[in-house]
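Please read the structure below before turning to the comments.
Numbering (our numbering), first residue to last: 66 to 192.
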């Protein structure tokens, strides 16, 4: 599958993930959950959606799904590293800018991480 096609699908799915992740984060923190667990909850929501959609469509080969425990374990490692970076940055934004500043910072943080994650997913997880 071409890099352009994979990249296009990854962006579309990533936007859906970002929307779900951000909405869950905002709703959870607006309800009183601190930024760190709220961010983790949002990222879990987005990760479940993204792993399924990217494995089924973006990185599938000849219509075959690209799931399974081996890929999931590699996905989990990449996700945990990205979540640590995301949570650190969102927590810093929350402490420095307040929770509403963190709401605005979260999509920027996740967008930057998405660029790195694409190449890790393509070359490490769904290879």
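Yeah, the Cβ is synthetic: ideal placement off N, Cα and C, and Gly gets one too.
- Annotation for residue 170: the continuous alpha helix (DSSP H) segment containing it runs 164-185.
- Excluding residues up to 5 positions away in sequence, 100, 155, 158, 159 lie with their Cβ nearer than 6 Å to the Cβ of residue 167 in the same chain.
- Per the C-alpha coordinates, the member of 87, 120, 83, 81 positioned closest to residue 187 is 120.
- Per DSSP, reduced to three states, the secondary structure at residue 98 is coil, with no helix or strand assignment.
- Judged by beta-carbon spacing, residue 182 lies beyond the 8 Å limit of residue 150, meaning their Cβ atoms are not closer than that value.
- Here the alpha carbons of residue 95 and residue 78 stand approximately 26 Å from one another.
- DSSP, reduced to helix, strand and coil, places residue 110 within a helical segment of the structure shown.
- Taking the CA atoms as reference points, residue 148 sits about 23 Å from residue 71.
- Residue state for residue 158 is assigned as helix, using DSSP reduced to three classes.
- If you draw a straight line from the Cα of residue 81 to the Cα of residue 111, it comes to about 8 Å.
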